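For the sequence shown, the working numbering gives the first residue as 18, with consecutive numbering after it.
I have placed the structure first, in the form of structure tokens, so that the comments after it can refer back to it.
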Amino acid sequence: MATIKETARALADAFETATRDNGDEFQRLRDGSPEWMKEAIYAAHRDGEMMPNDWSYKLADLMASHIADTLDYDSENDLHDIISNGADILVPDYNGERLAWLASNLNRASYVDEMIEECGWPKSGGLYLAIAYGIAHELQMIGAALVAAIEGEAEQD
């Protein structure tokens with residue numbers, strides 16, 4: 018029976034960087050990845066509300082690696098704490114990346130809107146901090162989808 022830690026590592030290791038014909042690199046699941054991983058990525062795209070896109074795959078790759086690396090360090094860590102921590106530290110530092118995330122899909126504004134509705138407008142930091150909150154919100158949702166899949170797969174083995 019695979020443990021949570023082993024299942025999380027398997028998911029993190031299933032991501033790869035590929036190159037398009039135009040030279041752009043992107044993240045994806047390796048060919049032949051198990052169906053549960055594909056379903057986890059589908060769920061990470063807001064259960065199909067968003068078409069597959071580079072940012073969701075990039076954030077899923079980052080979050081999956083963060084979960085697996087944290088469990089490698091301390092397998093007793095709470096998965097929800099790991100997600101929360103990851104959402105805080107995995108947000109891009111550069112405003113250009115934050116704007117690229119927001120511009121990549123019209124649905125991404127809803128992540129920002131949801132955070133502003135929940136937390137209010139940032140008192141300092143302005144627009145770029147509000148966008149960072151939106152990215153953190155997407156990371157939280159992606160993390161929750163990945164953890165649900167990891168826990169479900171570990172229980173099935």
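Where is the CB? At the ideal position from N, CA and C, for every residue including glycine.
It should be emphasised that the depicted structure is a prediction, and the values quoted were computed from it without experimental measurement.
Inter-residue spacing [alpha-carbon to alpha-carbon] between residue i and residue j
i, j, result
"H154", "A162", "13 Å"
"A31", "S50", "7 Å"
"D176", "D78", "Outside the displayed span of the chain (18 to 174) sits residue 176, for which this structure offers no information."
"I99", "D41", "30 Å"
"A61", "L76", "9 Å"
"V129", "I152", "8 Å"
"K140", "L107", "22 Å"
"I148", "S92", "32 Å"
"G137", "D48", "42 Å"
"D95", "M67", "28 Å"
"Y59", "W53", "10 Å"
"D89", "N102", "15 Å"
"K55", "R63", "13 Å"
Per DSSP, cross-strand counterpart(s) of residue i
i, result
"R26", "Paired residues: none, contrary to the question."
"Q44", "T34"
Residue i vs residue j beta-carbon contact at 8 Å
i, j, result
"L123", "A81", "no"
"A126", "L119", "yes"
"I21", "E114", "no"
"Q44", "T36", "no"
Beta-carbon separation (whole angstroms), residue i vs residue j, contact threshold 8 Å
i, j, result
"A166", "A19", "13 Å between Cβ atoms; not a contact."
"S121", "N70", "6 Å"
"S73", "I159", "7 Å"
"L46", "A104", "With a Cβ gap of about 21 Å, L46 and A104 do not count as contacting."
"N112", "Y145", "5 Å"
Residue i, enclosing alpha helix (DSSP H) - first and last residue
i, result
"T34", "Note, T34: premise wrong, no alpha helix (DSSP H); beta strand (DSSP E) at F32 to T36."
"L116", "N112 to A120"
"E93", "Unbroken run through E93: none, as it is neither H nor E."
"E66", "From DSSP, E66 is part of no alpha helix (DSSP H); its letter is neither H nor E."
"A19", "Note, A19: premise wrong, no alpha helix (DSSP H); not H, not E."
"W53", "E52 to A61"
"V108", "V108 -> no alpha helix (DSSP H), and no H or E assigned at all."
"S127", "R125 to C136"
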